Amino acid sequence: MEAEVDKLELMFQKADSDLDYIQYRLEYEIKTNHPESAGEKNPVTLLKEMSAIKSRYQTLYARFKPIAAEQKETKNRICATMNKTMTMIQELQKQTDLELSPLTEEEKTAAEQLK
Amino acid sequence: TLKDDVSILLDKARLENEESMSFIKTTKVMMK
Amino acid sequence: SELEQLCCHVNEKIGNIRKTLSLRNLGQEPTLKNVLNKIGGEIFAVNELLNKLELEIQYQEQTNSSLKELCASLEEDYKDVEHLK
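Chains A, B and C supply the protein sequences, listed in that same order.
Take the first sequence: its position 49, counted from the start at 1, is 229 in the numbering used here, and no numbers get skipped.
Take the second sequence: its position 19, counted from the start at 1, is 42 in the numbering used here, and no numbers get skipped.
Take the third sequence: its position 38, counted from the start at 1, is 1462 in the numbering used here, and no numbers get skipped.
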């Protein structure tokens, strides 16, 4: 049984290296038939560049998603804390009869936006 | 296509950044 | 599952060879040569967009840390007001 498994493993390894060799020979033939000139790349190079930009996009997308989620969560926390603080300041104002200067137009707009 | 996906994500990232910058400005107005 | 991985690995290589084989005759006919050049141009354009996207994401990471600082300082303010109360 052991021998059979070893034999099978060898067959897979040979198939793997044969496939690598075929790929290498094909690419070599294409590069030979299409020497790269200024601005003209051969199909093999383009194929490699295409898979490179695909994986670069996936990497950037994977980086973007968590940041966007974290940003949303931080903004929600800021809004909640701001509103809590404003409420507490108003309560303090009532308790102490302290007259604070009224909110400027800019502050009113900002408070509305944060609500 | 991939180009469209990249353009869409780029626009989304730009929009998010603009929103965040204005959000930070607004919050700073209130904190003064 | 190891056998499946092995099969995927071999199939992927065969797929690449098939793709490369289909490219072999490309570039002989002038029309296909144009298609090739157009693809080259598109790849360049997508790379430019990806560069801009990468910059935008870096900027977003900076914005994220500014938001977190702001949130921390606001929470400090809230504690002060609470203490005052």
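Backbone N, C-alpha and C define an ideal beta-carbon position, used for all residues, glycine too.
Bear in mind that the values here come from a model prediction, so they are computed numbers and not experimental data.
Which residues in chain C have a C-beta closer than 8 Å to the C-beta of residue i? List them in chain order.
i	result
Thr50 of chain B	Leu1494, Leu1498
Taking the continuous alpha helix (DSSP H) assigned at residue i, which residues delimit it?
i	result
Ser1490 of chain C	1454-1508
Ala264 of chain A	It is worth fixing the name first, because residue 264 of chain A is Lys in this sequence and not Ala. Per DSSP, Lys264 of chain A belongs to the alpha helix (DSSP H) from 223-276.
Glu220 of chain A	It is not in any alpha helix (DSSP H) - Glu220 of chain A carries neither H nor E in the DSSP assignment.
Ser30 of chain B	25-54
His1433 of chain C	1426-1448
Met191 of chain A	182-213
Glu292 of chain A	285-294
Kindly list the residues whose CB is nearer than 6 Å to the CB of residue i, restricted to its own chain and excluding five residues on each side of it in sequence; keep chain order.
i	result
Arg257 of chain A	none
Which bits of chain C does residue i rub up against, with CB to CB less than 9 Å?
i	result
Val224 of chain A	Thr1444, Leu1447
Ile47 of chain B	Thr1487, Ser1490, Leu1491, Leu1494
Which residues in the same chain have their Cβ closer than 7 Å to the Cβ of residue i, if we skip the five residues on either side of it in sequence?
i	result
Lys211 of chain A	Asn222, Val224
Note down, in chain order, every chain C residue with its Cβ under 7 Å from the Cβ of residue i.
i	result
Glu229 of chain A	Ile1467
_Stretch pair the segment 258-269 of chain A + the segment 227-237 of chain A: three plus CB contacts closer than 8 Å_ = no
*Please list the residues of the segment 242-254 of chain A that have a C-beta atom closer than 9 Å to any C-beta atom in chain C, keeping them in chain order.*
Arg243, Phe244, Ile247, Ala248, Glu250, Gln251, Thr254
*Are the segment 1435-1446 of chain C and the segment 277-284 of chain A touching by the rule of at least three beta carbon pairs closer than 8 Å?*
no
*May I ask you to list, following chain order, the residues of the segment 200-221 of chain A that have a beta carbon less than 8 Å from some beta carbon of chain C?*
Asp200, Ile202, Gln203, Leu206, Glu207, Glu209, Ile210, Asn213, His214, Gly219, Glu220, Lys221
_Below 8 Å, how does it come out for the segment 24-37 of chain B and the segment 1474-1487 of chain C: are there three or more Cβ pairs, yes or no?_
yes
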